Amino acid sequence: MLDYVKVILLKVSFDVKLFEKELKKGLKTLVREEIEELQNWCYIQFGPSYQPVLQRCFN
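Each residue of the sequence shown is one higher than the one before, starting from 73 at the first, in this note's numbering.
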């Protein structure tokens with residue numbers, strides 16, 4: 073499921089609102105370890121452009 077969420081986020085990363093919506097949906101489907109891995113991946117992949125969104129979703 074984690075890989076699927078990553079693919080979706082990459083596909084919707086052109087739109088900040090859609091990105092946030094899909095990230096929140098993805099977080100509901102993952103277990104704790106997957107969420108931690110997704111968080112690390114998101115900050116590496118999208119940190120510079122989506123910092124506020126990531127902070128809202130992961131905190």
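The beta carbon of each residue, even a glycine, is placed where N, CA and C say it ideally should be.
What you are looking at is a predicted structure, and each value in this text was computed from that prediction instead of being measured.
- Task: Note down, in chain order, each residue of its chain lying with its Cβ closer than 7 angstroms to the Cβ of residue 129, except the 5 sequence neighbours on either side.
- Result: 92, 95, 96, 99
- Query: Since residue 74 contacts residue 108 with CB under 8 angstroms, what's their CB separation in whole angstroms?
  - Reply: Their Cβ separation, rounded to whole angstroms, is 10 angstroms, which puts residue 74 and residue 108 out of contact at 8 angstroms.
- Would you mind stating whether residue 126 and residue 115 have Cβ atoms separated by less than 8 angstroms? yes
- Query: In the structure shown, what three-state DSSP assignment does residue 112 receive?
  - Reply: helix
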